[in-house]
Each structure stands twice: as structure tokens, then as C-alpha cells.
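S.K.: Would you mind keeping the following structure in view while I ask a few things?
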DNA sequence: ACCAACCATAGATTTTATCTATAACCAAAC
DNA sequence: GTTTGGTTATAGATAAAATCTATGGTTGGT
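Protein chains in written order, with the working numbering: chain S, 8 to 306; chain G, 8 to 306.
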């Protein structure tokens, strides 16, 4: 098995036709035929069924293609990172939960780099994808939190995937409420205080507040539950219905406008926010600088 | 870049020495030197620093090796699955949460296969690893549950990773208590009933009961909390201290002995247990038969 | 029956990988 | 300071492979 063979069968599968695939690959048709045949012989499988109308993937071939794509996905990472190095295109990839400081640090890093050719990715996503991205080197660094409920599971997962976790700071759960809510007068709130009011949450799992509430507080009983899809709608309801939503205290308050305020929530819980790195590779200069910026922003 | 080159640099890095690595790879030393040099030139990087005492990985090379290993890990899956097919070695891999029916089905599948040469893996692990295993084709099928709290997050994660979820059945949370516990008389229990008794849980995140309680009920207040490392200790305490532990109702009761009984727990929650498959490949015959057995065991 | 659109095969050619032999290097021992 | 032993690098020959051109074979449509 060679990478070429894998690329070939993917192209042939896409084209559904060896002749056209050969043109696309800039090789002669018999070469392609031979390459595929060789791969099939090596593993004693039939990837394509041939006919005078072209080729078709066999079930076996479909399965094999799944594996082939996995390999090629990984090789693409190498090509992306190392090919065209002389083009001077700077690359940097982060996966993070929704934290404004992570985005700020990202922007700052981009500014500092002073590059005119670059490819930066800021992937705001969920815990699983963060761990997966970093474990498979799609991102160089990940940012997530631990608390007493997820800590064991997350730590074990990190260990299984050969990732390190370095704490940045501890955050406390906050409640977002409307400026005129009766709760606005209090300095800090308890779950008991919140009980009479409607609780708002996002329908979409991609938002951190949902994930956060899911893992920490969603099981606490609540009589009035409102689930919305849109962030703006949520804020409207916060104000109009004296509702509340639970979030980490590090979500960007500027985005919320002057009518929304955050209050500390008194619960026996914490969030330890930190970054994860793959232990198998040494962090790049970009990554180290990003960590520096993170530290300066969160201390 | 070729797979050979990647294999070569990994071996050289392991040996710390081109000469010995060449012997191990059954090629001549100059061939190996040339192969490495070519790879380094292709990407304009320096993977090894050479000296008369052998070679050493540069920081750059260390990073590159991380990527190389990722690619090779994927190719190994192909080799494992397809190489030596004529040896008739049957292979099957499942990742699952800790469900006795999943293990039973696994054993049944093994029996039915009637193979004398095989390699079967039953990977009892956590949600993340199940999804990761199936997404990256290390397992052909995964078994996990959804409930109203994790459903959105899990479904989005599955979608992101191009996995399908098929429900098998709904399970209800159960409480395990000692035979002589005062709670044993009741037909079903509420969280209120449990309040006076000590709650037991595992220290280790790998056990499903922990993960389950973590996601569904661990945030409910509890005055008496006992955390143990050992399953036998937990059962001792269940009996000796009239404690309880919360679990899915599908954990194997036979394992627990006659002194432990399960009671349904009345909570507004459910567990939808099902299996996940990669959408990119067609399930193998083994996988389809495994699903059949699962269905017959859980209906 | 014939054409058109495929894939398969054969044999030549080019390219790549590998081999053997040997040079160059460098540190440690003498 | 020179020899020695272990190392990587280079040169040129050789073997292996990938690819090419030309052509044959199959099959559905006309």
C-alpha cells in the first residue's frame, strides 16, 4: 500500500471512471488500472466492479475507502503544515470553548505575527471536538475547563489521548439577568434565589452556556424552562420575562450590551480553565506565544 | 512523502542511529540515508541532526514525527484489517459503555462465528473514546446512551464526526441497594426516599455508573457521600451501611450476587441506548450480525 | 453488425529505490 | 598527533517500480 494508491482510488471513486480519473491525475489510464489492481491484489479485495460503462464501488470497496480517507486526512495535515513552507504562509489552529479571552488572544497573536500571508483557524466548539482536534493534531492547542464533575472523565480521556492539561485560572459560575430584574439588586445569587424565575437556555448544543449548564446545573429542578435557538431572542427574554441564564463568568460581557448584567452564582462548584497540548510533539513558537498571551490576559 | 519514508524516520528515531535502523528495516544504510534526506528536502525541514555518534531528533523533527505517527496509526488499521486475509483470522472491534448485554452479544457473536483464528476486541470505555474509536474506525460499532441532557451535545458530536445513531431500547435509572435495606420493601424509589442514606460512587471515571451519575444525578444534593475505588468495597458498603448507588438498569445483575437488588428510580429522566456506526463505510457482516444479536437481547 | 466508450494487457521506457564500495567525518584511545 | 572504530555521506551500478504508448477485449446502444 502506498499513499499514491490511496489517492488514486479516492479519485477513481469520485469520478466513477478510470479514464477520467487518469486525466485528472495526469497519468495514463493503464497506469491507473495497474495501480488499483495492485492494491486489490495486495489485500485480496475487490474495491471496484468494472464494466464498459465505468466502475462502481463494491461494498468492500466502500469500506476500504473509509479507511483510505482517514489516512489521507492525516497526510493532508502534513502537507498543509510543511508544504509550501517557502511561501511563508503562517499557520495556526486553536480549538476552544466559547471564551472571549481565547478569541482576544487569537486576534492579538495574529496582530503580533505581522504576517501578510497566513491561515489562522479559531475553532469554537465542544469539549469532544477540542480533545479530538488536538489529539489528532488538527489544532495545536485546545482550551477547555475542568470542574469536579467532569474532571475525572476528562483527565482520563486526556491521558488516553496523550494530552497534557495546564491550568490557566479558576472561574466561577455566573448568572446573566436583565438590568431591571428583581435579582439585579443582590450582590450574589443562589440557586434558591433563581427558582421563581424562568430559566433560559440554548437549543443548540454548540454554545458553551448550554454545555456548561448541562454538565453542572441542568439537573437542578426548575419549574419554568425556556429553550431558544437565537442568542438575541434569549437576551430579549432575559429582559422581558425577568429570566436568567447560567454561564461561566468569562463569556464576553461586552457582546451582551448594557441591559444584561452578570452576577456571581453561589454554588459549590468551580471551573478550572486551562489549555491542552499533545505530548507527542513540541509546541511551535506560535503556540508558545499564544500561551503567553493567554496568560497575560487571564492573570 | 511516502509511507515508507514515514516508517523509516520513525524507526530511525527509535534506534537513534541510521546504521542500526537500516539493519532493522532490511535495507542498506545509504538507502535509508537517501530516503530521509529526500523527505527533508521535500519539506525543507531538518528532522535529524547527524553526528559521528548517531543521529538526534531536532525539535522540528520531533514535531514532524508526531504527524508521521498519526498517519502510520491509520495505515496500521488498514493493515490489521486487510492484511493476512487468507489466514482467515476473523476480526471484530466494539467500543461500548459498560452494559452486560453488549458483552453477552459479543460472546454470542464469537460463538456463532465458529472461528478458530480470530481477534476480537471488546472495549468497555467512556463516551468520548467510543465516539473517537468509531469515528476513526478503530471500532466498527459503538454502544452508548442518550438522555435529555446529553442528547444535543452527543448528537451534534456524532454529526460532526459523520456517525449515525440507531436506538435499541430505553432504559430507566435504577438504584442498587442491599437486600436488607429498609428501602428494599418499596417497589420503586424516589430521590427523596434515598436522601437519608449514604450514596456510593466509584472514584474511577472509567466505570459507567460514575459517568451515568455524573451526567444525570450527581448534582442533586446529598448529605452522605461515599466514594470508593473498588467494586467489592462498594457492594460491602451497600449492604453494611444501607447505602445505595445509582446505575442504569441494564448493568449485569448476576455479577452482583444475591445480596444486592435493583429498584427502579422514579425520576424524570430516561436513557436511550443505541449503537453508532460510521456513515462513511458499510457495516461488515460481523457488525450486522452483532446488531442482530443486540436486538434479540434487548427487545 | 457496427460503433463508441470503457477497461485490460503487452512490451518498451523512464524513473525511483536500493545495492556495493568507499569517502569523509569526528571523538576517544593510545 | 596519529590511529582506530563507529558513524553518516557520496558515487556509480543495478534492480525494481511506475508509467508510457499501442492495442486488444468487452458490452450496451444504435
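Yeah, the Cβ is synthetic: ideal placement off N, Cα and C, and Gly gets one too.
1) CB residue 253(G) to CB residue 172(G), shorter than 9 Å?
2) Would residue 212(G) pass as an interface residue toward chain S - the criterion being a Cβ-Cβ separation below 9 Å?
3) Measuring CB to CB, does residue 99(S) end up less than 9 Å from residue 130(S)?
4) Counting Cβ pairs, one atom from each stretch, are 3 or more of them under 8 Å apart for the region 15–35 of chain S and the region 67–82 of chain S?
5) Output needed in chain order: residues of the region 127–148 of chain S with a Cβ under 7 Å from some Cβ in chain G.
6) Residues in the region 95–111 of chain G with C-beta within 8 Å of chain S's C-beta atoms, listed in sequence order?
7) Considering Cα atoms alone, identify which of 121(G), 85(G), 88(G), 150(G) is closest to residue 107(G).
8) List the residues of chain S that residue 23(G) touches, going by C-beta distances under 9 Å, in chain order.
9) What would DSSP say about residue 50(G), mapped onto helix, strand or coil?
10) Alpha helix (DSSP H) containing residue 293(S): first to last residue?
11) Taking 8 Å as the threshold, find out whether the region 34–49 of chain G comes into contact with the region 111–121 of chain G through three or more Cβ pairs.
12) According to DSSP, simplified to helix, strand and coil, what is residue 225(S)?
13) Within the 9 Å Cβ cut-off, does residue 41(S) reach chain G?
14) For a contact meaning CB atoms closer than 8 Å, what does residue 296(S) contact in chain G?
15) Are at least three pairs of beta-carbons, each pair with one atom in the region 273–283 of chain G and one in the region 138–153 of chain G, less than 8 Å apart?
16) Going by the DSSP bridge assignment, what does residue 269(G) pair with across the sheet?
17) Strictly under 9 Å for the Cβ-Cβ distance: is residue 17(S) near chain G by that measure?
18) In this structure, how does DSSP classify residue 197(G) when only helix, strand and coil are distinguished?
19) Where residue 277(G) and residue 180(G) are concerned, what is the direct C-alpha to C-alpha distance, given to the nearest angstrom?
20) Hey, residue 52(S) and residue 64(S): beta-carbon distance below 9 Å or not?
21) Please classify residue 41(G) as buried or exposed, where buried requires at least 16 other C-beta atoms within 10 Å of its C-beta.
22) Within 10 Å of its beta-carbon, does residue 242(S) have 16 or more other beta-carbons around it, so buried, or fewer, so exposed?
23) Do residue 177(S) and residue 270(S) come within 9 Å of each other at the CB atom, strictly closer than that value?
24) With a cut-off of 9 Å, does the C-beta of residue 246(S) fall near any C-beta of chain G?
25) Between 97(S), 152(S), 266(S), which lies nearest to residue 123(S) when the distance is taken from Cα to Cα?
26) With a threshold of 9 Å between beta-carbons, can residue 287(G) be considered close to chain S, or not?
27) Go through the region 60–122 of chain G residue by residue and report every complete run of the alpha helix (DSSP H) that reaches 4 residues or more, in order.
28) Anything in chain G within Cβ reach of residue 293(S), meaning under 7 Å, just list it in chain order.
29) State yes or no: is the C-beta of residue 114(S) within less than 9 Å of the C-beta of residue 103(S)?
30) Just to confirm my understanding: we take residue 296(G), look at its own chain, exclude 5 residues before and 5 after, and list those with CB closer than 8 Å. What are they?
31) How should residue 57(G) be labelled, buried or exposed, when 16 other C-beta atoms within 10 angstroms of its C-beta is the threshold for buried?
32) Residue range of the alpha helix (DSSP H) that residue 170(G) falls in?
33) Classify residue 191(G) as buried or exposed, calling it buried when 16 or more other Cβ atoms lie within 10 Å of its own Cβ.
34) At what residues does the beta strand (DSSP E) containing residue 127(S) begin and finish?
35) Looking only at DSSP bridge pairs, what is residue 55(S) linked to?
36) Given this structure, state the Cα-to-Cα distance separating residue 288(G) from residue 75(S), to the nearest angstrom.
M.R.: According to the structure shown:
1) no
2) The pLDDT assigned to residue 212(G) is 41, lower than 50, so where the model puts this residue is not dependable; a value taken from the coordinates is nonetheless given after this. Nearest CB-CB separation between residue 212(G) and chain S: below the 9 Å threshold.
3) no
4) yes
5) 133, 135, 136, 138, 139, 143, 144
6) Residues of the region 95–111 of chain G whose Cβ lies closer than 8 Å to any Cβ of chain S: none.
7) 150(G)
8) Neighbours of residue 23(G) on chain S: none; closest Cβ ~17 Å, over 9 Å.
9) helix
10) 292–305
11) no
12) Here residue 225(S) scores only 47 on pLDDT, less than 50, and its place in the model should not be relied on; the value that follows carries that caveat. If DSSP states are grouped into helix, strand and coil, residue 225(S) belongs with coil.
13) no
14) Ordered by position in chain G, no residue passes the 8 Å Cβ test against residue 296(S), which lies about 15 Å from the chain.
15) yes
16) 183(G)
17) no
18) DSSP, reduced to helix, strand and coil, places residue 197(G) within a strand of the structure shown.
19) One C-alpha to the other measures close to 7 Å.
20) no
21) exposed
22) Using a 10 angstroms sphere on the CB of residue 242(S), the tally of other CB atoms reaches 16 or more, which defines it as buried.
23) no
24) no
25) 97(S)
26) yes
27) 66–89, 107–120
28) Residues of chain G passing the Cβ test: none, with the nearest at roughly 12 Å.
29) no
30) 116, 119
31) When all chains shown are included, residue 57(G) counts as exposed.
32) Per DSSP, residue 170(G) belongs to no alpha helix (DSSP H); it is in the beta strand (DSSP E), 170–178.
33) exposed
34) 125–131
35) Residue 55(S) pairs with 64(S).
36) Their Cα atoms are separated by approximately 11 Å.
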